[in-house]
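Numbering (our numbering), first residue to last: 1 to 220.
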């Protein structure tokens, strides 16, 4: 599908779902999951202006527990505005209910792959966001049995185990590690970085082999 046609289509759906609201999802030059998710619910988090400030608003009226959830989030929103909604939705999603999600129902962040001009997705099962504490990395240093990597993404750029690197070199970094065992990756984010940057990192990590992402992410 042509990129501009897709963006128009996405905006049109948002207008139908909410009264005259539009959304701009991230456009990234990263290959992602492009499979059709037939049994899905669409979650929308919009960016709006109110009294000169940017706010986030949520539409999840059509979300069904026994489906995969696709999150369409405006790329301009800071993570400080996105995370509270993600926390609430995770709590609702994981709460025991009469109709729980199936084992093959997952969550996805949507974006457009600018190279292929196609809707793509980052897949995840569950993410728990911690906004009250900073990450304690001492426990990783003392763990001699497993390989740990801490990625800190803030306004100054990307750092891995306190060494600054370009996000474009992320995959090469993991390739050069050449570990014999799986790498445990832990993520911490500046609350003011844009959702677009957050998803760019997650999309690139999705394409890195032999890593395991911690389900707890710190956003402070």
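Just so you know, even glycine gets a beta-carbon here, dropped at the ideal spot from N, CA and C.
Note that the coordinates shown come from a computational prediction; the quantities given were computed from them, not determined experimentally.
In the three-state DSSP reduction, residue 46 falls in the strand class (E or B). Judged by DSSP in its simplified three-state form, residue 180 adopts coil rather than helix or strand. Put simply, the segment 139-154 does not touch the segment 112-130. Fewer than three CB pairs are less than 8 Å apart.
Per DSSP, residue 72 lies in no alpha helix (DSSP H); the unbroken beta strand (DSSP E) holding it starts and ends at 68-73. Using a Cβ-Cβ distance cut-off of 8 Å, the segment 76-84 and the segment 195-215 are in contact, since at least three pairs of beta carbons, one from each stretch, lie closer than that value. Leaving aside the five residues that flank residue 94 on each side, the residues in its chain whose CB is nearer than 7 Å to its CB run, in chain order, 126. Listed in chain order, the non-local C-beta contacts of residue 67 below 7 Å within the same chain comprise 39, 40, 41, 105, local neighbours out to five positions each way being set aside.
Secondary structure note for residue 90: its alpha helix (DSSP H) is the uninterrupted segment 79-94.
Membership of residue 150 in any alpha helix (DSSP H) is not indicated; the residue belongs instead to the beta strand (DSSP E) covering 147-154. In the DSSP assignment, residue 157 is bridged to 154.
The continuous alpha helix (DSSP H) containing residue 203 extends over residues 195-206. Taking all protein chains shown into account, residue 72 has 16 or more neighbouring C-beta atoms within 10 Å of its C-beta and is therefore buried.
Secondary structure at residue 59: strand, using DSSP grouped into helix, strand and coil. Using a 10 angstroms sphere on the CB of residue 70, the tally of other CB atoms reaches 16 or more, which defines it as buried.
Comparing C-alpha distances from residue 219 to each of 155, 136, 130 shows the shortest one belongs to 130. Of the other Cβ atoms in all chains shown, fewer than 16 fall within 10 Å of the Cβ of residue 96; this residue is therefore exposed.
The segment 201-218 and the segment 155-175 touch, with three or more beta-carbon pairs separated by less than 8 Å. With at least 16 other beta carbons inside 10 angstroms of its own, residue 107 counts as buried.
Rounded to the nearest whole angstrom, the CA to CA distance from residue 153 to residue 36 is 31 Å. By the Cβ neighbour-count rule, residue 48 is exposed, with fewer than 16 other Cβ atoms within 10 Å of its own. Separation of the CB atoms of residue 33 and residue 60 is rounded to 21 Å, and the pair is thereby denied contact status at 8 Å.
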